[in-house]
Amino acid sequence: MKTYLVTGAAGFIGANFVKYLLSKYDDIRIVVLDALTYAGNLGTLASDIDQERCIFVKGDICNRTLTDVLFTEHRFDYVVNFAAESHVDRSIENPQLFLQTNVLGTQNLLDTARRAWVTGRDEQGYPTWLKGVRFHQVSTDEVYGSLGATGYFTEQTPLCPHSPYSASKASADLIVMAYRDTYHMPVSITRCSNNYGPYHFPEKLIPLIIKNILEGKTLPVYGDGSNVRDWLYVTDHCKAIDLVVRHGRDGEIYNVGGHNERTNLQIVRLTIQTVRRLMEAHSEYRKVLRHKEYHQDGLLNLDWLNDSLITFVKDRLGHDQRYAIDPSKITNELGWTPETSFDNGIVRTVEWYLTHQSWVDEVTSGDYQHYYERMYADR
Ligand code: NAD
Ligand code: TYD
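In my numbering, each residue's number is its place in the sequence shown (first place is 1) plus 171.
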């Protein structure tokens, strides 16, 4: 029986990870710790929390008293730290919150784990650790900065973050590695490319585009749309984390990505085509269209659903041009390869959003409208 502390699992990737673990293993217990910020939604985990295999604690990863109590109570084998402020545009608005959660929160978790997991000292004075424990940090390819037209990020690529978000994630990685070097703490890090899939908060590109199509809004593409991201279906990321937590080498970093580079313009066009194709094939999907033209013009007319919805808007400050991951290390060492092709993944994702509009309504019922107006008003 392994006991996990999974932080930030009311958010996009963490929730998918918890669902993946619960479907794969019978003999586990999971404690989810999440502050339920605007990006966290307890409803996402409603069917998973059963008080036996999976329990939920609302709280901040920076709260030392709380994390100490949780470690004493649950004797975790693994910590998997997803909790973070995760949106680059928000980090440009308010960098301090990113340092607070992403850096100081990670350091608090490391230190709590250290207090709980150290068993003594070796002859050189290094701490000795409980057998089989592991602190896993979920990081991002954005810590490497931006690529030109060619080349890939490897684990040896120097850290060169540009946004407050990526700088905070790089700082968190450095403090994790400092605990490895200074205390010989059993840690691992994964650095993954852009994820997409169910439960993605609609401030990020793909779910935002789907939401705007359904509301009859224009589709904002930053700059000229030539920026490249390397997209990976979220479950493939979850599988990679599970492999690294259980079988990765102590102290190692693993890049995770599926060689699936697309420009933002390609992504937006493909999303438009996918929504349209699905609506043409399934009339029930058209019922979630919310704008007036749809109701006036009748059910069958989808002529408006084309690339003319795209508007090029003011570019993001310091916008990284290209990310692309070389995943050979995790493939060669742990046998990880992505299982979901982009063609299947995008259809699955769009279909999920068309059939889970109540989830979208729930997560966007708070401050989302103000955020959208603020962020896109002067673009
Ligand atoms: P998300 O924004 O959807 O979810 C973050 C979760 O963390 C939310 O549930 C939020 O409530 C919680 N949280 C925020 N601050 C907290 C705090 N102080 N204490 C406890 N919980 C807190 O993010 P995501 O897209 O699921 O990303 C998860 C992790 O994966 C992040 O660390 C991110 O840097 C990393 N990552 C994301 C991507 C991506 O494409 N989304 C790619 C690579 C790595
Ligand atoms: P995003 O989903 O915010 O992820 P990240 O910034 O972590 O890569 O953005 C993905 C890409 O899409 C990024 O290059 C910025 C761009 N983008 C737009 O063009 N328009 C939008 O409305 C958003 C949210 C992002």
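For every residue, glycine included, the Cβ atom is placed at its ideal position computed from N, Cα and C.
Nearest-angstrom Cα separation, counted from Arg292 out to Arg286: Along the sequence shown, one-based indexing puts residue 286 at 115. Along the sequence shown, one-based indexing puts residue 292 at 121. Roughly 13 Å between the two C-alpha positions.
Please go through the segment 219-294 and give each complete alpha helix (DSSP H) segment of 4 or more residues, from N-terminal end onward. Whole alpha helix (DSSP H) segments, 4+ residues: 235-245, 259-264, 266-269 and 277-288.
Please state whether the Cβ-Cβ distance between Leu281 and Tyr191 is less than 9 Å. Here residue 281 corresponds to residue number 110 of the sequence shown, with the count starting at 1. Here residue 191 corresponds to residue number 20 of the sequence shown, with the count starting at 1. No, the pair does not count as a contact, with Cβ atoms beyond the cut-off.
Based on the DSSP output, what are the partners of Glu423 in its beta bridges? Here residue 423 is taken as the residue at index 252 of the sequence shown, counted from 1. The partner list for Glu423 (beta bridge, DSSP) reads Ser359.
Measure the CB-CB distance between Val228 and Leu216 and report whether it falls below 9 Å. By 1-based counting over the sequence shown, the position of residue 228 is 57. By 1-based counting over the sequence shown, the position of residue 216 is 45. The answer is no: Cβ separation not under 9 Å.
Does the beta-carbon of Ile377, which I'm using as the reference point, lie nearer than 8 Å to any heavy atom of ligand 2? Residue mapping note: residue 377 aligns to position 206 of the sequence shown, counting from 1. Ile377: yes, Cβ under 8 Å from ligand 2.
Per DSSP, the bridge partner or partners of Ser563: This structure gives no information on residue 563, because the portion of the chain shown stretches from 172 to 550.
Alpha carbon to alpha carbon, what distance is there between Ile263 and Val203? Mapped onto the sequence shown, residue 203 falls at position 32. Mapped onto the sequence shown, residue 263 falls at position 92. Their Cα atoms are separated by approximately 28 Å.
Given that a residue counts as buried once 16 or more other Cβ atoms are within 10 Å of its Cβ, and exposed if not, what is Gln222? Sequence index remark: in the sequence shown, residue 222 carries index 51 (1-based). Counting Cβ neighbours within 10 Å, Gln222 comes out exposed, since fewer than 16 surround it.
Pull up the distance between the alpha-carbon of Thr399 and that of Thr434, whole angstroms please. Working through the sequence shown from its first residue, we reach residue 399 at position 228. Working through the sequence shown from its first residue, we reach residue 434 at position 263. Before going further, note that residue 399 is Val rather than Thr in the sequence given. The straight-line gap from Cα to Cα measures roughly 4 Å.
Thr535, DSSP secondary structure in three states: Mapped onto the sequence shown, residue 535 falls at position 364. Three-state result, Thr535: coil.
Kindly indicate which three-state DSSP category Glu483 falls into: helix, strand or coil? Looking up residue 483 in the sequence shown gives position 312. The sequence as given places Phe at residue 483; Glu does not occur at that position. Of the three classes helix, strand and coil, the one that applies to Phe483 here is strand, per DSSP.
DSSP on Trp402, reduced to helix/strand/coil? On the sequence shown, position 231 is the one that residue 402 refers to. In the structure shown, Trp402 sits in coil (DSSP, three-state: anything other than H, G, I, E or B).
By Cβ distance below 8 Å, which residues in the same chain neighbour Ile199 in space, the five residues on each side in sequence not counted? Here residue 199 corresponds to residue number 28 of the sequence shown, with the count starting at 1. Met172, Lys173, Thr174, Tyr175, Leu192, Leu193 and Arg224.
How about Leu318 and Ser364: do their beta carbons lie closer than 9 Å? Translated into the one-based positions of the sequence shown, residue 318 becomes position 147. Translated into the one-based positions of the sequence shown, residue 364 becomes position 193. No.
Cβ-based burial, Arg246 [other Cβ within 10 Å; buried from 16]: The residue given as residue 246 occupies position 75 in the sequence shown. So Arg246 counts as exposed.
Ligand 4 heavy atom lying under 8 Å from the CB of Glu256: Inclusion of ligand 4 in the displayed structure is not the case, the ligand content consisting of ligand 1 and ligand 2 alone.
Taking the alpha-carbon of Tyr547 as reference, which of Gln528, Val177, Asn383 and Gln444 has the nearest alpha-carbon? Residue 547 sits at position 376 when you count from the first residue of the sequence shown. Looking at the Cα atoms, Asn383 is the closest of the given residues.
Going by DSSP, which residues form a beta bridge with Val202? In the sequence shown, the residue the question calls residue 202 occupies position 31. Paired residues: Leu176 and Ile226.
Taking all protein chains shown into account, do 16 or more other C-beta atoms lie within 10 angstroms of the C-beta of Tyr453, making it buried, or fewer, making it exposed? In the sequence shown, residue 453 corresponds to position 282, counting from 1. Rather than Tyr, the amino acid found at residue 453 in this sequence is His. Around the Cβ of His453, a 10 Å sphere holds fewer than 16 other Cβ atoms; the residue is exposed.
Start and end residues, alpha helix (DSSP H) containing Thr502: Sequence index remark: in the sequence shown, residue 502 carries index 331 (1-based). First-last of the alpha helix (DSSP H) with Thr502: Ser499 to Leu505.
Buried versus exposed call for Thr532 [16 or more other C-beta atoms within 10 Å across all chains shown]: Here residue 532 refers to the residue found at position 361 when the sequence shown is read from its first residue. Note that residue 532 corresponds to Asp in the displayed sequence, not to Thr. Its Cβ having fewer than 16 others within 10 Å, Asp532 is exposed.
Could you give the distance in angstroms between the alpha-carbon of Gly211 and the alpha-carbon of Trp530? To locate residue 211, count along the sequence shown from 1; it is residue 40. To locate residue 530, count along the sequence shown from 1; it is residue 359. Answer to the nearest angstrom: the Cα atoms are 12 Å apart.
Any heavy atom of ligand 2 inside 8 Å of the beta-carbon of Val392? Along the sequence shown, read from residue 1 onward, the residue named residue 392 stands at position 221. At least one heavy atom of ligand 2 falls within 8 Å of the beta-carbon of Val392.
Starting from Trp300, trace the beta strand (DSSP E) in both directions and tell me its first and last residue. Sequence index remark: in the sequence shown, residue 300 carries index 129 (1-based). Pro298 to Trp300 is the extent of the beta strand (DSSP E) around Trp300.
For a quick check, are the C-beta atoms of Val484 and Tyr393 less than 9 Å apart? Residue numbering aside, residue 484 sits at position 313 when the sequence shown is read from its first letter. Residue numbering aside, residue 393 sits at position 222 when the sequence shown is read from its first letter. Yes; because the gap between Cβ atoms is below 9 Å, this pair is in contact.
Which residues in the same chain as Leu376 place their Cβ atom closer than 7 Å to its Cβ, once the five residues preceding and following it in sequence are excluded? Against the sequence shown, residue 376 aligns to sequence position 205. Taken in chain order, the residues that qualify are Asn435 and Ile438.
CA-CA distance, Thr482 and Ile220? One-based indexing of the sequence shown puts residue 482 at position 311. One-based indexing of the sequence shown puts residue 220 at position 49. Straight-line Cα distance between these residues: approximately 41 Å.
Quick check: is any heavy atom of ligand 2 less than 8 Å from the C-beta of Glu522? Here residue 522 corresponds to residue number 351 of the sequence shown, with the count starting at 1. Every heavy atom of ligand 2 is 8 Å or more from the Cβ of Glu522, so no.
Assign Ala320 to buried or exposed, taking buried as 16 or more other Cβ atoms, counted over all protein chains shown, within 10 Å of its Cβ. In the sequence shown, counting from the first residue as 1, residue 320 sits at position 149. Exposed, by the Cβ-count rule.
Are the segment 288-304 and the segment 252-260 touching, with three or more C-beta to C-beta distances below 8 Å? no
According to DSSP, is Pro329 part of a helix, a strand, or is it coil? Locating residue 329 in the sequence shown gives position 158, counting from the first residue. It is coil, neither helix nor strand.
Bounding residues of the beta strand (DSSP E) (the contiguous stretch that carries Arg433): Reading the sequence shown from its first residue, position 262 is the one you call residue 433. Note, Arg433: beta strand (DSSP E), Glu432 to Thr434.
Consider the C-beta atom of Glu313 and the heavy atoms of ligand 2; say whether any pair is separated by less than 8 Å. Along the sequence shown, one-based indexing puts residue 313 at 142. Yes, the Cβ of Glu313 comes within 8 Å of a heavy atom of ligand 2.
Taking DSSP as the reference, what is the three-state secondary structure of Phe372? In the sequence shown, residue 372 corresponds to position 201, counting from 1. Three-state DSSP puts Phe372 in coil, outside helix and strand.
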